[in-house]
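In what follows, a single structure is set out as structure tokens and then discussed.
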Amino acid sequence: MASYTGSKSTGREGSSQELHVLAVDDSLVDRKVITSLLRKSKYRVTAVDSGKRALELLDTEPNVNMIITDYSMPEMTGYELLKKVKESSELCQIPVVIMSSENVPTRINRCLEEGAEDFLLKPVQLSDVSRLCNRVLR
Amino acid sequence: MDYVHLRRQAASLRKGLFDQGYLDEQFYQLEDLQDDASPNFVEEVVTLFFRDSARLMANIDQALDKCVKDFNKLDVYMQQLKGSCTSIGASRMKTDCSAFRECCRDENIEGCMRSFQKIKREHSVLRQKLESYFQLLRQAGPVECATRPNK
Numbered sequence: 001m002a003s004y005t006g007s008k009s010t011g012r013e014g015s016s017q018e019l020h021v022l023a024v025d026d027s028l029v030d031r032k033v034i035t036s037l038l039r040k041s042k043y044r045v046t047a048v049d050s051g052k053r054a055l056e057l058l059d060t061e062p063n064v065n066m067i068i069t070d071y072s073m074p075e076m077t078g079y080e081l082l083k084k085v086k087e088s089s090e091l092c093q094i095p096v097v098i099m100s101s102e103n104v105p106t107r108i109n110r111c112l113e114e115g116a117e118d119f120l121l122k123p124v125q126l127s128d129v130s131r132l133c134n135r136v137l138r
Numbered sequence: 001m002d003y004v005h006l007r008r009q010a011a012s013l014r015k016g017l018f019d020q021g022y023l024d025e026q027f028y029q030l031e032d033l034q035d036d037a038s039p040n041f042v043e044e045v046v047t048l049f050f051r052d053s054a055r056l057m058a059n060i061d062q063a064l065d066k067c068v069k070d071f072n073k074l075d076v077y078m079q080q081l082k083g084s085c086t087s088i089g090a091s092r093m094k095t096d097c098s099a100f101r102e103c104c105r106d107e108n109i110e111g112c113m114r115s116f117q118k119i120k121r122e123h124s125v126l127r128q129k130l131e132s133y134f135q136l137l138r139q140a141g142p143v144e145c146a147t148r149p150n151k
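Those sequence lines, one after another, are chains A and B.
Reading the first sequence from the start, the letters are residues 1 to 138 in the UniProt record's numbering.
Reading the second sequence from the start, the letters are residues 1 to 151 in the UniProt record's numbering.
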């Protein structure tokens, strides 16, 4: 499964069982699948259905180690969520990964230029998650 | 009850779903995620899919019924449906969703209608087959992992 890697790679120390990933996707099916993929990789997962809810959670939950978000969502796209995270002094250090079912090079480049750690094409595989989390969260 | 026979029937039904192109490799990924902690994961995801896809298809039906066709909206709905199909490995439906989206791009309403009728048929057949499959699995009881069909 193709992914596109940004130049930055931030990580946080700690055992994989302590790491908390926030998954954002408006699709019920995809939320269930990505949650399972992350839990299988031994991460604690919170899944929300919108960028708005993601920001609300980030306001109250201090310990999010990575955000993995769908690109195409109503009201607030994954790109817009990425921008808001990177513009925030409190949140900008959190690695953000974008997922999309569409391979659109301009979209991918735009997200990477905005600071996304990686861009995964759906359907996301277990190997994508393992590789990603090892790199981003080491 | 002949559990061996039920398991063979389930395996045969599953193989048929792959051989006839209803499902693709993504379904294997779902099966790989099923474990003791989530023993019904695949059925849960599939159930969610059919619930969600029915909702999306109802939205598309409503949008197609309107006098003024909003191709952008139709495309957005279909993109969502296609995404869900991709996530569970519903291969035929995924292909039909792509065809619908092409018709949206061409603003070809008749093409959209035809594609959508096909999607509905495929959805119904897939639902029926998967429901039968999971029913057989439930009747057969806990099983060892099924082997993947030869390609």
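Ideal Cβ placement from N, Cα and C applies to all residues, glycine included.
(1) Are the C-beta of P123(A) and some C-beta of chain B separated by less than 7 Å?
(2) Cβ atoms of S53(B) and L81(B): under 7 Å apart, would you say?
(3) Would F18(B) count as contacting chain A if we go by Cβ distances under 7 Å?
(4) Using a cut-off of 7 Å between C-beta atoms, extract the partners of residue 163(B) located in chain A.
(5) Quick check: is any heavy atom of the ligand GTP less than 6 Å from the C-beta of L126(B)?
(6) Any chance the region 62-78 of chain A sits against the region 117-133 of chain B, with 3 or more Cβ pairs inside 8 Å?
(7) Would DSSP call G14(A) helix, strand or coil?
(8) Who are the near neighbours of F27(B) in its chain, counting only those whose CB is closer than 7 Å to its CB and skipping five residues on each side?
(9) State the Cα-Cα distance for the pair L136(B) and V29(A), rounded to the nearest angstrom.
(10) Helix, strand or coil for I94(A)? Go by DSSP, reduced to three states.
(11) Of all the CB atoms in chain B, is at least one closer than 7 Å to the CB of A2(A)?
(12) As an exercise, report each continuous alpha helix (DSSP H) stretch of at least 4 residues that is fully enclosed by the UniProt domain "Response regulatory" (20-137) of chain A, in chain order.
(13) With which residues is A90(B) paired in a DSSP beta bridge?
(14) Taking only beta-carbon positions, decide if V42(B) is within less than 7 Å of chain A.
(15) Does D118(A) pass the burial test, meaning 16 or more other C-beta atoms within 10 Å, or should it be called exposed?
(16) Please state if the CB of V85(A) and the CB of L91(A) are separated by a distance shorter than 7 Å.
(17) Could you work out which residue in L126(B), D75(B), R92(B) and Q79(B) is closest to E107(B) when comparing CA atoms only?
(18) The alpha helix (DSSP H) spanning K120(B) covers which residue range?
(19) Under the three-state reduction of DSSP, which class applies to A82(B): helix, strand or coil?
(20) Just checking, does the region 22-37 of chain A make contact with the region 73-81 of chain A on the three C-beta pairs under 8 Å criterion?
(21) Within the same chain, show all residues whose beta-carbon is closer than 8 Å to that of Y133(B), passing over the 5 residues directly before and after it, in chain order.
(22) Reducing DSSP to helix, strand and coil, say where A37(B) ends up.
(23) Indicate whether S36(A) and L33(B) have their beta-carbon atoms separated by less than 7 Å.
According to the structure shown:
(1) yes
(2) yes
(3) no
(4) Summary: the structure shown does not reach residue 163(B), with chain B confined to residues 1 through 151, and so no result is reported for it.
(5) The ligand GTP is not among the ligands present in this structure, which contains no ligands whatsoever.
(6) no
(7) Low local confidence applies: a pLDDT of 42 at G14(A) is under 50, so the model's placement there is unreliable, with the coordinate-based value given in what follows. Three-state DSSP puts G14(A) in coil, outside helix and strand.
(8) I88 and G89
(9) 23 Å
(10) coil
(11) Its pLDDT being 45, under 50, A2(A) is placed unreliably in this model, and the value from its coordinates should be taken loosely. No, A2(A) lies away from the interface with chain B (no Cβ there is under 7 Å from its Cβ).
(12) 28-40, 51-60, 78-87, 105-113 and 126-136
(13) L23(B)
(14) no
(15) buried
(16) yes
(17) D75(B)
(18) I109 to A140
(19) For the record, residue 82(B) in the displayed sequence is Lys; it is not Ala. Looking at K82(B) - three-state DSSP - the assignment turns out to be helix.
(20) yes
(21) A10, L13, R14 and L17
(22) coil
(23) yes
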